[in-house]
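Chemist:
There are 2 protein chains.
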Amino acid sequence: MSTVAIPRGTDTKERLLRAAEGIFGRHGYAGTTLRAVTAEAEVNLASANYHFGSKEALVMEMLRQRVAPINEERLRLLDEAKRKAEFGPIPLEDILEALIMPLGGAARGQDGTDLSFLQLVGRSFSEPAEFMRRVHDTFFRELAEVFMGEIRRSCPQATEADLWWNLHFAINAMLGSLSQCRRVEAMSNGICEAADLDGMLNRLVAFLANGFQANTPPSRTV
Amino acid sequence: MSTVAIPRGTDTKERLLRAAEGIFGRHGYAGTTLRAVTAEAEVNLASANYHFGSKEALVMEMLRQRVAPINEERLRLLDEAKRKAEFGPIPLEDILEALIMPLGGAARGQDGTDLSFLQLVGRSFSEPAEFMRRVHDTFFRELAEVFMGEIRRSCPQATEADLWWNLHFAINAMLGSLSQCRRVEAMSNGICEAADLDGMLNRLVAFLANGFQANTPPSRTV
DNA sequence: ATGTGTTTAAAACATAAGTTTGAAAAGGCA
DNA sequence: TGCCTTTTCAAACTTATGTTTTAAACACAT
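Here the protein sequences line up with chains H and V, keeping their order.
For the first sequence, the numbering used here assigns the number 1 to the initial residue and increments by one for each residue that follows.
For the second sequence, the numbering used here assigns the number 1001 to the initial residue and increments by one for each residue that follows.
(1) For H:D79, count neighbouring C-beta atoms within 10 Å of its own C-beta (all shown protein chains included) and say buried if the count is 16 or more, exposed if not.
(2) Is the CB of H:L45 under 8 Å away from at least one CB in chain V?
(3) Could you check if H:N189 is buried or exposed, using at least 16 other CB atoms within 10 Å of its CB as the buried criterion?
(4) Could you check which residue in V:L1075, V:M1200, V:E1040 and V:K1055 has the C-alpha nearest to that of V:M1148?
(5) Buried or exposed, going by whether 16 or more other CB atoms sit within 10 Å of the CB of V:F1087?
(6) From V:I1112 to V:F1131, what does the alpha carbon distance come to, in whole angstroms?
(7) Less than 8 Å between CB atoms is the rule here; does H:G176 satisfy it with respect to chain V?
(8) Kindly indicate if chain H contains any beta-carbon less than 8 Å away from that of V:N1166.
(9) Can you tell which of V:A1158, V:E1150 and V:E1127 has its C-alpha closest to the C-alpha of V:E1097?
(10) Can you pull the chain V neighbours of H:G225, defined as C-beta to C-beta under 7 Å?
(11) From V:G1028 to H:G28, what distance separates their C-alpha atoms?
(12) Judging by CA-CA distance, which residue of H:R134, H:I95 and H:G109 is the nearest neighbour of H:L167?
(13) Are H:A170 and H:F125 closer than 8 Å when you measure CB to CB?
(14) With the cut-off set at 8 Å, would you say V:S1047 and V:L1016 are in Cβ contact?
(15) In the DSSP assignment, find the alpha helix (DSSP H) that holds V:A1194 and state where it starts and stops.
(16) Would you mind telling me which residues of chain H sit closer than 8 Å to V:A1144, beta carbon to beta carbon, in chain order?
(17) Excluding sequence positions up to five away, which residues of its chain have a Cβ less than 7 Å from the Cβ of H:E185?
(18) Do you know how far the Cα of V:E1160 is from the Cα of V:L1143?
(19) Note down, in chain order, every chain V residue with its Cβ under 7 Å from the Cβ of H:N210.
(20) Output the boundary residues of the alpha helix (DSSP H) element that contains H:Q213.
(21) How about V:S1126: is its C-beta nearer than 8 Å to some C-beta of chain H?
(22) Since I believe V:L1175 is in contact with V:V1121 (beta carbons under 8 Å), could you give me their beta-carbon distance rounded to a whole number of angstroms?
(23) Can you give the beta carbon distance from V:V1043 to V:T1012, rounded, assuming they're within the 8 Å contact cut?
(24) In the DSSP assignment, the alpha helix (DSSP H) including V:Y1050 goes from what residue to what residue?
(25) Answer with yes or no whether the minimum CB distance from V:E1160 to chain H is below 8 Å.
(26) I'd like to confirm the pairing. Which residues does DSSP put opposite V:G1022 in its beta bridges?
(27) From H:A85 to V:L1118, what does the alpha carbon distance come to, in whole angstroms?
(28) Taking only beta-carbon positions, decide if V:I1191 is within less than 8 Å of chain H.
(29) Which residue or residues does DSSP assign as beta-bridge partners of H:R108?
(30) With DSSP as the reference, label V:Q1065 as helix, strand or coil.
(31) Give the interface partners of H:R66 over in chain V, defined as CB-CB distance under 7 Å, in chain order.
(32) Give me, in chain order, the residues of the same chain whose beta-carbon lies closer than 6 Å to that of H:E73; leave out the 5 immediate sequence neighbours on both sides.
(33) Can you tell me whether H:V43 is helix, strand or coil according to DSSP?
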């Protein structure tokens, strides 16, 4: 049932964060019970509240530690692409790569690929819990603005509405597809392999880069 | 807090299904409590178990009643497109329209556009609850096969892996984007309007049709 | 060694939620 | 009307879960 056991000797706070990560990824916020987390972490139930104050605070801290480095890497890659483009418009594909590829790096732990981490990121977006919305605003609103700035420069012919809609589609395709990547294996009867992270991410980037080139046609009746 | 009140006179079973619909859409499966549902339906708490046997059965029945007509409409549109193409390969855009447009019709109730219905559909995909996975397999596995059959005929040059991955991206973009369509309004500071259902769906179809044309490039290192 | 602040432990508490129960009310039919 | 079935209702039951409490164990400086 559980994933790789958390090594003994690790201090309690760290063990809690690690256990929360796996359980949140697999079962979502509501399904993350402190009893399950403390059991997997092999620590006492009360220690969760002792160290973090509340379940919300524990999950928030876990997300912060996991998401912050990814966003830093995203901005770093975006900056790198900017310099590569000599501060002119960045090719859209490079922008999307900067957004997407850091997720691959983060999912590749020391003990192989951890797909439940991708679920975790996806859930942080789709969770209905009210406080998760705040979480997301905290971590992603500013990032979206920065990326939108570059996208705008790269697609001068598109309207603002076009760009925001396309970014919306891209973000949701990214989070949904990665979060649910196990499903494509089942659907395709094993032809697609989610464990091939690079393959998956490259396909995703190509798909979204193409999608972005859609100049939205005028509304038509269906 | 609640949406439009459910008209009195409606029989209990119907009231429960309608209330469950709105609450499930807004708060997900775990957040759908029988107490909240029966309160919104203005019926007694015990009636949920009396009429449906369990919370799972109530939600399942609600989903069945909502999803089944959509899938029928999807197959009808696909068939229509097939005949329009004189039983040759169907244009990819038409296939995607058959998949997506019925969601718009379903979200347009008698009292205006009901965006929470789109959330409902999206959640039925992303919910971590184990039984929701079964729900989904029940309703969508066969549908995916049928659509894949047509997609395959329309893209003879692509590999099976290409097609399944692209379909995966498209489905997740569709469900995620529609489910979270409120967010694009916030992100764009009101430039994008989710209430304009036709506009949103047309943009989505265009985006995905373009994305599908991505011939996945060979894996490259990043 | 002793005292002090920190961490862990077991148990209890309070609340929320799915379900069950038994009686009352409503509906239908001879 | 009288009888039977179906439905509604209020209340209780059971379990799950976040949180708190109190004491013991521990770490470490004096």
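C-beta atoms are modelled at their ideal positions from N, C-alpha and C, and glycine is treated no differently.
Computed from a predicted model, the values in this text were never measured in an experiment.
Modeler: For this structure:
(1) Numbered from its first residue, the first sequence carries residue 79 of chain H at position 79. Around the beta carbon of H:D79, fewer than 16 other beta carbons lie within 10 angstroms, which makes this residue exposed.
(2) The sequence position of residue 45 of chain H within the first sequence is 45, counting from 1. Not one chain V Cβ lies under 8 Å of H:L45.
(3) Here residue 189 of chain H refers to the residue found at position 189 when the first sequence is read from its first residue. With fewer than 16 Cβ atoms within 10 Å of its Cβ, H:N189 is classed as exposed.
(4) Locating residue 1148 of chain V in the second sequence gives position 148, counting from the first residue. Checking every option, the nearest Cα to that of V:M1148 belongs to V:L1075.
(5) Taking the second sequence and counting its residues from 1, one reaches residue 1087 of chain V at position 87. By the 10 Å Cβ count, V:F1087 comes out exposed.
(6) Counting from one through the second sequence, the residue named residue 1112 of chain V turns up at place 112. Counting from one through the second sequence, the residue named residue 1131 of chain V turns up at place 131. In the sequence under discussion, the amino acid at residue 1112 of chain V is Gly, which differs from the Ile named in the question. Taking the straight line joining both Cα atoms gives about 31 Å.
(7) What you label residue 176 of chain H is simply residue 176 of the first sequence in a count that begins at 1. Output row for H:G176: interface = yes.
(8) In the second sequence, the residue the question calls residue 1166 of chain V occupies position 166. Output row for V:N1166: interface = yes.
(9) On the second sequence, position 97 is the one that residue 1097 of chain V refers to. Comparing Cα positions, the closest option is V:E1150.
(10) Here chain H comprises residues numbered 1 to 222, so residue 225 of chain H is not present and cannot be evaluated.
(11) As a working mapping, residue 1028 of chain V is identified with position 28 in the second sequence. As a working mapping, residue 28 of chain H is identified with position 28 in the first sequence. Roughly 11 Å separates the two Cα atoms.
(12) Along the first sequence, read from residue 1 onward, the residue named residue 167 of chain H stands at position 167. Comparing Cα positions, the closest option is H:I95.
(13) Counting from 1 along the first sequence, the entry for residue 170 of chain H is found at position 170. Counting from 1 along the first sequence, the entry for residue 125 of chain H is found at position 125. No, they are not a contact pair.
(14) Taking the second sequence and counting its residues from 1, one reaches residue 1047 of chain V at position 47. Taking the second sequence and counting its residues from 1, one reaches residue 1016 of chain V at position 16. Between V:S1047 and V:L1016, the CB-CB gap stays under 8 Å.
(15) Residue mapping note: residue 1194 of chain V aligns to position 194 of the second sequence, counting from 1. Careful: V:A1194 lies outside any alpha helix (DSSP H) and carries neither H nor E.
(16) Taking the first residue of the second sequence as 1, we reach residue 1144 of chain V at position 144. Neighbourhood of V:A1144 in chain H, by CB distance below 8 Å: M187, in chain order.
(17) Here residue 185 of chain H refers to the residue found at position 185 when the first sequence is read from its first residue. Only C192, E193 and A194 meet the Cβ criterion.
(18) Counted from its first residue, the second sequence places residue 1143 of chain V at position 143. Counted from its first residue, the second sequence places residue 1160 of chain V at position 160. Looking at the two C-alpha atoms, the distance is approximately 17 Å.
(19) Working through the first sequence from its first residue, we reach residue 210 of chain H at position 210. Close partners of H:N210 in chain V (Cβ separation under 7 Å): N1210, G1211, Q1213 and A1214.
(20) As a position in the first sequence, residue 213 of chain H is number 213, starting the count at 1. In the DSSP assignment, H:Q213 falls outside any alpha helix (DSSP H) and carries neither an H nor an E.
(21) For the purposes of this step, residue 1126 of chain V is taken as the residue at position 126 of the second sequence. At a cut-off of 8 Å between beta carbons, V:S1126 contacts chain H.
(22) Within the second sequence, the letter at position 121 stands for residue 1121 of chain V. Within the second sequence, the letter at position 175 stands for residue 1175 of chain V. So it is a contact: roughly 6 Å between Cβ atoms.
(23) For the purposes of this step, residue 1043 of chain V is taken as the residue at position 43 of the second sequence. For the purposes of this step, residue 1012 of chain V is taken as the residue at position 12 of the second sequence. 5 Å between Cβ atoms; contact.
(24) Here residue 1050 of chain V refers to the residue found at position 50 when the second sequence is read from its first residue. Note, V:Y1050: alpha helix (DSSP H), A1046 to F1052.
(25) As a first step, residue 1160 of chain V is located in the second sequence; it is residue number 160 there, counting from the start. Judged by the 8 Å Cβ criterion, V:E1160 is in contact with chain H.
(26) Taking the first residue of the second sequence as 1, we reach residue 1022 of chain V at position 22. According to DSSP, which records beta bridges pairwise, V:G1022 is partnered with nothing at all.
(27) Translated into the one-based positions of the first sequence, residue 85 of chain H becomes position 85. Translated into the one-based positions of the second sequence, residue 1118 of chain V becomes position 118. C-alpha of H:A85 to C-alpha of V:L1118: approximately 40 Å in a straight line.
(28) If you number the second sequence from 1, residue 1191 of chain V lands on position 191. In terms of beta-carbon proximity, V:I1191 lines the interface with chain H, with at least one pair separated by less than 8 Å.
(29) Here the question's residue 108 of chain H lines up with position 108 in the first sequence. Answer by DSSP bridge pairing, in chain order: H:T113.
(30) The sequence position of residue 1065 of chain V within the second sequence is 65, counting from 1. Collapsing the DSSP output to three states places V:Q1065 in a helix.
(31) Taking the first residue of the first sequence as 1, we reach residue 66 of chain H at position 66. Under the 7 Å cutoff, chain V gives no residues; its nearest Cβ is about 18 Å from H:R66.
(32) On the first sequence, position 73 is the one that residue 73 of chain H refers to. Taken in chain order, the residues that qualify are P102.
(33) As a working note, residue 43 of chain H is residue 43 in the first sequence. H:V43 sits in coil when the DSSP states are folded into three classes, being neither helix nor strand.
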